[in-house]
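Heads up: the structure comes next, in structure tokens.
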Amino acid sequence: MGLAVLVLGSSGSGKSTSLRNFEKEDVLILNVAGKALPFRKKLNNLDLRQCNGSERYSVIKQKLSKYQKKCKTFVIDDSQYLMAFQMFDKAKEVGYGKFTDIAVEFKGLLDFIADLDKDVIVYLLHHTDTTDNGHVKAKTSGKMIDSQLTLEGLFTIVIMAKNNDGVYKFVTKSDGLNPVKTPIGLFEDIEIDNDLKFVDSEIRKYYEIG
13 MGLAVLVLGS SGSGKSTSLR NFEKEDVLIL NVAGKALPFR KKLNNLDLRQ CNGSERYSVI
73 KQKLSKYQKK CKTFVIDDSQ YLMAFQMFDK AKEVGYGKFT DIAVEFKGLL DFIADLDKDV
133 IVYLLHHTDT TDNGHVKAKT SGKMIDSQLT LEGLFTIVIM AKNNDGVYKF VTKSDGLNPV
193 KTPIGLFEDI EIDNDLKFVD SEIRKYYEIG
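According to the working numbering, the sequence shown holds residues 13 to 222 in order.
Structure, rendered in structure tokens:
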């Protein structure tokens with residue numbers, strides 16, 4: 013089965029920057045918002061800006077399925093826009109059904125990833141939100157979706173990007189206020205270098221993938 017990994021972080025925290033050490037043949041980036049990468053290296057970067065609604069999910073699933081034999085590492089950047097843009101697409105719909113639809117489609121993507129080849133890892137780069145009591149959580153499109161989908165609970169591995177005065181790091185263990193979690197023994201340090209290629213290598217060693 014494929015593995016989905018959640019990479020949380022606020023805007024500018026270094027989520028996309030962490031892709032800089034991949035080579036072009038290593039990774040396929042499914043770019044939901046069509047953002048330019050924050051470094052000069054050219055990577056395989058599919059722009060999904062022209063897609064609408066459920067079409068974004070369909071294209072992502074199609075590309076994952078088509079290229080999983082050639083490429084073993086995929087990145088969805090930024091995955092919260094799948095929900096946000098779909099919310100805009102459904103803005104004129106009345107009732108609460110649209111919230112359920114948005115939650116179901118996102119959950120369906122994770123189920124699809126789980127059915128991919130066992131040596132495939134898909135990283136979902138995802139923005140964060142902060143609750144009234146100071147807890148950090150994965151950003152969704154509102155409380156109605158939160159009530160139906162505890163996003164972080166669907167992942168075994170959740171890491172978080174942080175930027176302290178231009179020093180980029182990944183957090184691997186929770187401080188009690190964030191949903192970060194990693195399997196026992198995967199990472200010994202609470203903070204590691206902001207390098208998703210290194211993270212990918214360590215996960216593959218830990219689970220003996222590939």
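Glycine residues also receive a C-beta, built at the ideal position from the N, C-alpha and C atoms.
Candidates the options, of which the one nearest residue i by Cα
i	options	result
residue 118	108, 192, 96, 209	96
residue 149	135, 165, 134	165
residue 191	67, 201, 147, 217	147
residue 257	45, 14, 13, 37	No answer is possible for residue 257: it lies beyond the span of the chain, which begins at 13 and ends at 222.
residue 116	52, 104, 66	66
residue 101	74, 62, 83	62
residue 163	215, 189, 92, 51	92
residue 120	179, 73, 50, 82	73
residue 13	52, 22, 80	80
residue 108	83, 159, 82, 78	159
residue 24	219, 215, 179	179
Cβ separation of residue i and residue j, assumed to be a contact under 8 angstroms, to the nearest whole Å
i	j	result
residue 19	residue 173	7 angstroms
residue 31	residue 71	Rounded, the Cβ-Cβ distance is 20 angstroms, inconsistent with contact.
residue 4	residue 128	Given that the chain is displayed from residue 13 to residue 222, the structure contains no residue 4 and the question cannot be resolved.
residue 69	residue 94	7 angstroms
residue 145	residue 26	Not confirmed; about 26 angstroms, so no contact.
Proximity of residue i and residue j at Cβ, strictly below 8 angstroms
i	j	result
residue 123	residue 221	no
residue 181	residue 206	yes
residue 39	residue 64	no
residue 133	residue 17	yes
residue 140	residue 151	yes
residue 41	residue 58	yes
residue 137	residue 90	yes
residue 153	residue 204	no
residue 217	residue 33	no
residue 199	residue 157	no
residue 85	residue 212	yes
residue 183	residue 169	no
residue 171	residue 142	no
residue 36	residue 54	yes
CB contact check: residue i to chain B, cutoff 8 angstroms
i	result
residue 31	You won't find chain B in this structure, because it holds only one protein chain.
Paired residues, beta bridge with residue i - DSSP
i	result
residue 180	175
residue 203	183
residue 15	133
residue 192	According to DSSP, which records beta bridges pairwise, residue 192 is partnered with nothing at all.
residue 87	41, 135
Residue i Cβ short of 7 angstroms to the ligand PLP heavy atom set
i	result
residue 31	This structure simply doesn't include the ligand PLP, nor any ligand for that matter.
Can you give, in chain order, each stretch of the alpha helix (DSSP H) that sits fully within the stretch 89-175 and has at least 4 residues? 92-101, 109-126, 155-158
Fully enclosed by the stretch 21-84, which beta strand (DSSP E) runs are 3 residues long or longer? 39-43, 56-59
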